[in-house]
Every structure is written in C-alpha cells, then in structure tokens.
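Enquirer: Numbers in my numbering are just positions in the sequence shown, counted from 1, shifted up by 2.
Where is the CB? At the ideal position from N, CA and C, for every residue including glycine.
Owing to the predicted nature of the structure, the values given are computational and were not obtained by experimental measurement.
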Amino acid sequence: MTYPAELTTTIDAMRSAPQGTSLASTFPTGHNWHHSRNAPLTVRYTRTARKLAHCGAMAPEGCSSKDIQRARDNHRLNVEGLKAVLGTVWSFRLLGWLPSDTNYLEYDQIAEIVANGTIRPDDTQDLMPEWFTRRHSVDELKALRDGKAA
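1. Do V87 and L54 have their C-beta atoms within less than 9 Å of each other?
2. Can you tell me whether W99 is helix, strand or coil according to DSSP?
3. Report yes if the CB atom of R46 is closer than 9 Å to the CB atom of R72, and no otherwise.
4. Tell me, please, whether the region 53-68 touches the region 115-122 by the rule of three or more beta-carbon pairs shorter than 8 Å.
5. In three-state DSSP terms, what is T12?
6. Looking at the unbroken alpha helix (DSSP H) that takes in Y47, where does it start and where does it end?
7. Going straight from the alpha carbon of I13 to that of T23, what length do you get?
8. Given this structure, state the Cα-to-Cα distance separating T104 from A15, to the nearest angstrom.
9. Quick one, are the C-beta atoms of P131 and Y109 less than 9 Å apart?
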C-alpha cells in the first residue's frame with residue numbers, strides 16, 4: 003500500500019528521534035510541584051493542627067473520624083503524630099485559645115504556649131506575624147482576634 007507523501011513524511015518523523023528538545027519537555031511536571039504530603043514535617047504539623055482545630059478538635063464533641071483520616075492522608079502523619087496534634091490542640095483550647103488563633107500561629111508556637119500554660123490574652127495583635135497582618139484588612143483582623151471567621 004502506498005501512502006501520500008505528506009503521510010509518509012509524518013510517519014518517518016514520528017519514528018525518528020527528535021533533533022532537539024521536544025515541546026513536551028518544556029511543560030511543568032507534577033513531580034516538581036509542592037504538595038502538602040511532601041512539605042517539611044513542621045509545616046505538615048502546622049497544617050494538620052489548623053485543619054483539625056477548624057474541624058472540631060477544639061470542641062467537646064471533637065472532630066469526626068473522617069476528618070482525622072483525611073488529615074492523616076493529606077499530611078502523611080502517623081497515628082502518634084495525630085494523637086500529639088489532637089492533644090496539643092485540645093490543651094490549647096483549655097487555655098482559652100480559639101480555633102481562629104491557629105490561623106497565624108505555627109504548631110511549634112502552639113506547643114510552646116501549651117507547655118508554658120499561657121492563657122489567651124485579651125488582644126492577640128502582638129502575636130500575629132507581619133505577613134499575616136498585611137494579608138488581612140483591619141476588620142478581618144478584629145474578627146479573628148474576637149474568635150470569628152475572617
């Protein structure tokens with residue numbers, strides 16, 4: 003069977019090795035993207051604490067097993083790590099802190115507050131990092147300090 007010249011040229015070009023880099027090699031690939039599962043351990047603990055605090059870990063009812071499993075899967079923490087996060091977040095709540103406070107505090111800071119037994123001050127403006135205060139308006143910051151969602 004004889005093919006037209008254009009088709010023969012296309013088939014030969016597809017069978018031969020590319021002369022230079024292919025266009026596909028310039029596309030971004032998934033292995034270089036930043037994922038929560040591959041973040042440093044301190045970042046994964048912080049994100050897990052924030053997620054669980056807002057899912058109910060700071061309430062007497064607690065969070066659902068589905069939320070705990072999702073946090074475990076998304077942040078690649080083992081059961082002991084999750085128990086530590088849940089215990090720290092609950093102790094954080096017993097000291098009068100609110101779930102909205104986890105938005106600007108990292109897990110290490112939360113653990114230090116719990117270890118020191120620091121009760122939540124009336125105004126948490128001094129604890130908010132500069133990057134956080136620049137990101138939100140004055141009204142949103144006031145709502146966060148009052149324990150409401152921004």
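Expert: Reading it off the structure:
1. Yes, the Cβ-Cβ distance between V87 and L54 is below 9 Å.
2. Three-state DSSP puts W99 in coil, outside helix and strand.
3. It is not a contact, given that the beta carbons lie outside the stated cut-off.
4. They do not touch, by the three-pair rule.
5. Residue state, collapsed to three classes: helix.
6. Per DSSP, Y47 belongs to the alpha helix (DSSP H) from L43 to L54.
7. C-alpha separation (whole angstroms): 19 Å.
8. So the alpha carbons of these two residues sit roughly 57 Å apart.
9. Going by C-beta atoms, P131 is not nearer than 9 Å to Y109.
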